[in-house]
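The block underneath contains the structure these notes are about, expressed in structure tokens.
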Amino acid sequence: MPPLPGPRWALRTSLDAFHSQWLLNSSLAVPAAQKSAFSTTSLLSARAAATAPPPKPRRQENTPVKGVRKTYSVKKARKVSTAKPPGPGERKAMRKRIILSNTNALEVQGLKKLEKEMFAGGKELKELSGKMMGLEDNTIDQLKAVQAFQPRQGWKMFRWPSVLMRKEAVDVGHALQNAENNKTSFRRVLVGDKHSGKSVLMLQAQAMAFLKGWVVIPIPDAQELTVAHTAYAPLPESDPPIYVQKNYTAELLTKISNANQAILSTMVLSQQHKLPIPVQNNISLDRFASLGARDPELAYPFFIALWKELTMPSQEGDGMQRRPVMLALDNLQHVMRPSEYLDPDLNKIHAHDLALVKHFMDHLCGSKPLPNGGAVLAALSESNRLKTKELDYLIKRNEALAAGPLMPEQTMPLWSPFAKMDEKIEASMADVEILRLKGLSREEARSIMEYWALSGLLRQKVTEAFVGEKWTLAGGGNLGEMEKAAVGMRV
Amino acid sequence: MPPRIPFLSAPRALSVRSRPIAPANQCLLLARRQTQCRNYSDPKKDLPKADGLKGPNTETLPSISEEAASMASTAGTEGPDLEQGTPVEEVVQNDKEAIDKLPQVMKDDVKNKNGTRSYSTFASSGRQYSTSAIQRQEITKQPGTLAQNDIIAMTRQQEAEEARLIEEYSLDRELANMAEPEAVVEDLSGLKFGMPKMPLPPGSHYKDRYDPLVDQLVGLMIQDGKKSIAQQNVAIILNHLRTAPPPTYSPIRPMLPGAPPPSHLPLNPVLYLTVAIDSVAPLLRIKAIRGAAGGGMALQLPSPLGLRQRRRTAITWILDQASKRQNRGSGKGTFAHRVADELIAVVEGKSSVWERRGAIHKLAVSARANILDVRKRR
């Protein structure tokens, strides 16, 4: 309670003030030494102080004692797992493994397989439009060798790897036929929404190329070339410098020789090449490729020599025979920008200065022809998407150019006047057509849904209404989305 | 003359009185009255007559055989013969210990299988693996889950048939356009597509569109409130069950009676999941009532669980066990794969979740006397 103002309060405060003043000033205050009634002699206390050990500092209350816990806690026994931990690389292998068959799925009766004979003329190919086709054993092995199957494409759900011959696939089939007949190169960049089937269309194109006896040279993931995970070195006597990735080239030669063994074993070396090691004169090309794959130091010269052999003009009659070649590259965005490699000045090396990428781009833009005909295909990736302004613009531009003369309300896509265009990228995309994948048609959607139902994975009756529902939910027939909605157990 | 004051009786008229003794503890008195010993066997007394009210035990459920017989008579089939009673061989059929303690004659009988009858008094033959799963399956079957090979043929055929019918119908209408009988017209004003067929098929309500068990599993797998990730994980589980080789049932750990053969499971992963979880789900839980057993001891009281509770317990156990498994892969969805492996282990009888279930059931059996104990106290 606060002191009340008034006479009593005034008296009290004045008394307090007087008391303290009196204590300070009066001579009556007792000095400290004389407080006790008695005292020990100074001598004794001094002696005691000299002989006694230094006094222990008195432990105060509440100061923690070392080694004694104040809180109660029980140490948990750590569980030591006796199981063998996964070995090096085992976990990644588990993640990346490709399973092509599900033995639980029902076998689809009457499923036809893609065969060599279907590509002899265009007529049979047309009949396949909108049908599910199985892949042959040999084709599957070849596609495995070129790493065309990817883990998230849903192959593991079905009994046998099969593909839908959608309209675009049939068109590609015809184009390959034309390229072979006219000895031209069919060059396309595959573009489309996420899960629209770009990589699977690439797989179909490669399968058709294998069936037609073409030589396929694959770059299954362009990212591997540019993320600086493999060794690189400048090519001697190259100016401006070109960088060679010897280990990757060796792997590429292995893929080529494994996948194309059947066709390469029928061809023999026909030219004299400058090679670091002596090579038998009439060695078959598959053995030649695997010889180059054995030593990374030999890989690049062998790859160049192999390419020269493959692009030798085929002769008439009994002369030297050469087959068309298909170059296929997935994840194109990764090679349309500076790579992660550094040059001696610590600048980023442009992806197009890497020898293998340059080789591919020269053929994509058509500056180097394919004398025996062939195809150059590149696919974009939307799930591992890199921002490439130049490529996005060039795709739009090429599409607008291919569409023909502009309508009055349309405008040509323009490059930003404030940004610098990458000349190398522009040159590589100068004369390439774009193949844009859209959704499936309703008939195609119905065909693939019937296949899912026959495989036992879709437990619904396939009716017009059901197909229409899924087709609409999948953004107008996006294949991957439709599969998710119908087959995936997202419930 | 005034009357004399009676000295002896005068104090009685005083108003000061001692306080009457309050009844000390009425509850106690009542309790004493209740515990009064009244022997009905006392020959001097007449037995009390039931006044029509039913006590807790006056109407018990029929025995298994009686139930099976009544079910059979309802269904119009031949059930067990009640007059014969259940033979001992059948009672001890699955109990090895009991078989060992049978008299030698019966043991021989069991060995020679002489005692078996042509029908079984066990109700299990009629019971299905999961009533709710069956019901759901039957409902979902209506829109059509046929033999997969027939689907497309059926669909195409049906559509052709429908087209033909429509054509015929319109032809008939044209022929008899004047004599068309007036049909009862429903009031469809305001409905663009007419009335929907009732009852609505399952999953037509957006809040109730998923299988209840799958929905419950999703709910229990949510971490950090991320339901969509949990749904993805459940999808991974179901796809794993679809692609894994079919399980082999263990004779020691039987699934619920009526479970489909293991080869049928992978292509119906929701059923696979249902069989696994419903089979391993405990029927009871043990409530520990503190201090009720006397001497500060907790009283173990078994109490039955409902369907969702049973499943919840089983799922929790399975998730628990899966998190203890070693992770052999990397990337997302590794936990989901472990859960799926655990589910397969459950169906194959290898999972240690079975031991947990067994322990609870064993404890419940030994503690079932406590249920009576509580009733006595009241």
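As given, the protein sequences belong to chains A and B, one line each in that order. Residue 5 is where the first sequence starts when you use the working numbering, and the numbers rise one by one after that. Residue 5 is where the second sequence starts when you use the working numbering, and the numbers rise one by one after that. Ideal Cβ placement from N, Cα and C applies to all residues, glycine included.
TODO: Answer yes or no: do B:Leu-195 and B:Ile-281 have a C-beta to C-beta separation smaller than 8 Å?
DONE: For this step, residue 195 of chain B is matched to residue 191 along the second sequence. For this step, residue 281 of chain B is matched to residue 277 along the second sequence. For B:Leu-195 and B:Ile-281, no; Cβs fall outside 8 Å.
Label A:Pro-92 either buried or exposed according to how many other C-beta atoms from any shown protein chain fall within 10 Å of its C-beta, with 16 as the threshold for buried. Numbered from its first residue, the first sequence carries residue 92 of chain A at position 88. Classification of A:Pro-92: exposed, given that the 10 Å Cβ count is below 16.
For this session: Could you say which of A:Lys-488, A:Ala-434 and A:Glu-121 lies nearest to A:Ser-371 if we only look at CA atoms?
Result: Along the first sequence, one-based indexing puts residue 371 of chain A at 367. Nearest C-alpha to A:Ser-371: A:Ala-434.
- Query: From A:Leu-483 to A:Asn-251, what distance separates their C-alpha atoms?
  - Reply: Taking the first sequence and counting its residues from 1, one reaches residue 483 of chain A at position 479. Taking the first sequence and counting its residues from 1, one reaches residue 251 of chain A at position 247. For A:Leu-483 and A:Asn-251, the distance between alpha carbons rounds to 36 Å.
Could you tell me which uninterrupted alpha helix (DSSP H) segments, each at least 4 residues in length, are contained entirely in the stretch 297-363 of chain B, listed from first to last along the chain? 311-328 and 338-351
B:Thr-317 vs B:Leu-309 beta-carbon contact at 8 Å | By 1-based counting over the second sequence, the position of residue 317 of chain B is 313. By 1-based counting over the second sequence, the position of residue 309 of chain B is 305. Cβ distance < 8 Å, so B:Thr-317 and B:Leu-309 count as in contact.
So if I threshold CB-CB distances at 7 Å, which residues from the stretch 200-211 of chain B count as touching chain A? Cβ contacts with chain A: none found.
Would DSSP call B:Ala-35 helix, strand or coil? As a first step, residue 35 of chain B must be located in the second sequence, where it is residue number 31. Its pLDDT being 42, under 50, B:Ala-35 is placed unreliably by the model, and the measurement read from it follows with that caveat. Reduced to three states, the DSSP call for B:Ala-35 is helix.
Interface partners of B:Thr-247 on chain A, CB under 9 Å:
Your numbering for residue 247 of chain B matches position 243 in the second sequence. Ordered by position in chain A, the residues that pass the 9 Å Cβ test against B:Thr-247 are Ile-103, Asn-106, Thr-107, Asn-108, Ala-109, Lys-160 and Met-161.
- Looking at the C-beta of B:Tyr-276, does it have a partner C-beta in chain A at a distance below 8 Å? As a first step, residue 276 of chain B is located in the second sequence; it is residue number 272 there, counting from the start. B:Tyr-276 does not count as touching chain A.
- [ ] Report buried or exposed for A:Glu-184, applying the criterion of at least 16 other Cβ atoms within 10 angstroms of its Cβ.
- [x] Translated into the one-based positions of the first sequence, residue 184 of chain A becomes position 180. Answer is buried; the Cβ neighbour count reaches 16.
**Request:** Given a cut-off of 8 Å, decide if A:Arg-192 and A:Leu-381 are closer than it, judged by their beta-carbon atoms.
**Result:** Counting from 1 along the first sequence, the entry for residue 381 of chain A is found at position 377. Counting from 1 along the first sequence, the entry for residue 192 of chain A is found at position 188. Yes, they are a contact pair.
Legend entry - CB contact below 8 Å: B:Gln-235 versus chain A: The residue given as residue 235 of chain B occupies position 231 in the second sequence. Yes, because at least one Cβ of chain A sits closer than 8 Å to the Cβ of B:Gln-235.
CA-to-CA distance, A:Arg-450 to B:Asp-219, given in whole angstroms | On the second sequence, residue 219 of chain B is found 215 positions in, with the first residue counted as 1. On the first sequence, residue 450 of chain A is found 446 positions in, with the first residue counted as 1. Spanning the two alpha carbons is a distance of roughly 29 Å.
- prompt: Is A:Trp-475 helix, strand or coil by DSSP?
  reply: As a working mapping, residue 475 of chain A is identified with position 471 in the first sequence. A:Trp-475 falls in the helix class under three-state DSSP.
Just to check my reading of the structure: A:Leu-1 and A:Met-212 have Cβ atoms closer than 8 Å, yes? What is that Cβ distance to the nearest angstrom? In the structure displayed, chain A extends from 5 to 495; residue 1 of chain A sits before or after that span and is not available.
Hey, out of A:Leu-333, A:Gln-275, A:Met-271 and A:Pro-328, whose CA is closest to A:Asp-322's CA?
-> To locate residue 322 of chain A, count along the first sequence from 1; it is residue 318. A:Asp-322 has its Cα closest to that of A:Met-271, out of A:Leu-333, A:Gln-275, A:Met-271 and A:Pro-328.
*In chain A, which residues lie less than 9 Å from B:Gln-330 when you measure between Cβ atoms?*
The residue given as residue 330 of chain B occupies position 326 in the second sequence. By Cβ distance, chain A contributes Ser-85, Ala-87, Lys-88, Pro-89 and Pro-90.
Starting from A:Phe-307, trace the alpha helix (DSSP H) both ways and give me its first and last residue. If you number the first sequence from 1, residue 307 of chain A lands on position 303. First-last of the alpha helix (DSSP H) with A:Phe-307: 300-314.
**OP:** Counting only runs of 3+ residues fully inside the stretch 372-407 of chain A, write out the beta strand (DSSP E) ranges in chain order.
**Re:** 378-383
* Is A:Gly-443 helix, strand or coil when you go by DSSP? -> Taking the first sequence and counting its residues from 1, one reaches residue 443 of chain A at position 439. It is coil, neither helix nor strand.
- Would you call the CB atoms of B:Asp-345 and B:Arg-329 closer than 8 Å? Counting from 1 along the second sequence, the entry for residue 345 of chain B is found at position 341. Counting from 1 along the second sequence, the entry for residue 329 of chain B is found at position 325. A contact, by the Cβ cut-off of 8 Å.
Checklist entry - According to DSSP, is A:Met-340 helix, strand or coil? => result If you number the first sequence from 1, residue 340 of chain A lands on position 336. Three-state result, A:Met-340: coil.
Please go through the same chain and pick out, in chain order, the residues whose beta-carbon is closer than 6 Å to the beta-carbon of A:Lys-474, but skip the five residues on each side of it.
Taking the first residue of the first sequence as position 1, residue 474 of chain A is located at position 470. Residues Met-486, Ala-489 and Ala-490 of the same chain have their beta carbon placed closer than 6 Å to that of A:Lys-474, with the five preceding and five following residues left out of the count.
Open item on the list: Going by DSSP in three states, A:Met-330 sits in which element: helix, strand or coil?
Closed with: Position 326 of the first sequence, counted from the first residue, corresponds to residue 330 of chain A. Strand at A:Met-330.
Quiz item: Where does A:Ser-387 land, buried or exposed, given buried means 16+ other C-beta within 10 angstroms?
Solution: As a first step, residue 387 of chain A must be located in the first sequence, where it is residue number 383. Taking every protein chain shown into account, the CB of A:Ser-387 has fewer than 16 other CB atoms within 10 angstroms, so this residue is exposed.
- Task: Using three-state DSSP, classify A:Arg-291 as helix, strand or coil.
- Result: Residue 291 of chain A sits at position 287 when you count from the first residue of the first sequence. Three-state DSSP puts A:Arg-291 in a helix.
Entirely within the stretch 209-251 of chain A and at least 3 residues each: give me those beta strand (DSSP E) ranges in chain order.
219-223
Worksheet entry | B:Leu-192 versus B:Leu-204: straight-line alpha-carbon distance, rounded | Along the second sequence, one-based indexing puts residue 192 of chain B at 188. Along the second sequence, one-based indexing puts residue 204 of chain B at 200. Each residue's alpha carbon lies about 18 Å from the other.
Exercise. Can you find a CB in chain A that lies within less than 8 Å of the CB of B:Ala-340?
Worked result: As a working note, residue 340 of chain B is residue 336 in the second sequence. Chain A contact via Cβ: absent.
Under 7 Å Cβ-Cβ, which residues of chain A neighbour B:Gly-335? Indexing the second sequence from 1 puts residue 335 of chain B at position 331. Within 7 Å Cβ-Cβ: Arg-99.
- Going by C-alpha distance, which of A:Asp-175, A:Leu-310, A:Lys-160 and A:Gly-377 is nearest A:Glu-504? No answer is possible for residue 504 of chain A: the residues shown for chain A start at 5 and end at 495.
Between the stretch 243-254 of chain B and the stretch 290-308 of chain B, can you find at least three pairs of beta-carbon atoms closer than 8 Å?
With a cut-off of 8 Å, the stretch 243-254 of chain B and the stretch 290-308 of chain B do not count as touching, because too few Cβ pairs lie within range.
Margin query: So with CB distances below 7 Å, who are the chain A contacts of B:Asp-215?
Written below: Residue 215 of chain B sits at position 211 when you count from the first residue of the second sequence. What B:Asp-215 touches in chain A: Val-495.
State the CB to CB distance for the pair A:Gln-210 and A:Val-150, rounded to an integer number of angstroms; the pair is presumed to be in contact (CB under 8 Å).
Along the first sequence, one-based indexing puts residue 210 of chain A at 206. Along the first sequence, one-based indexing puts residue 150 of chain A at 146. Sure, about 6 Å apart at Cβ, within 8 Å.
Please check if any C-beta of chain B sits within less than 8 Å of the C-beta of A:Arg-156.
Translated into the one-based positions of the first sequence, residue 156 of chain A becomes position 152. Chain B, which has no Cβ nearer than 8 Å to the Cβ of A:Arg-156, makes this no.
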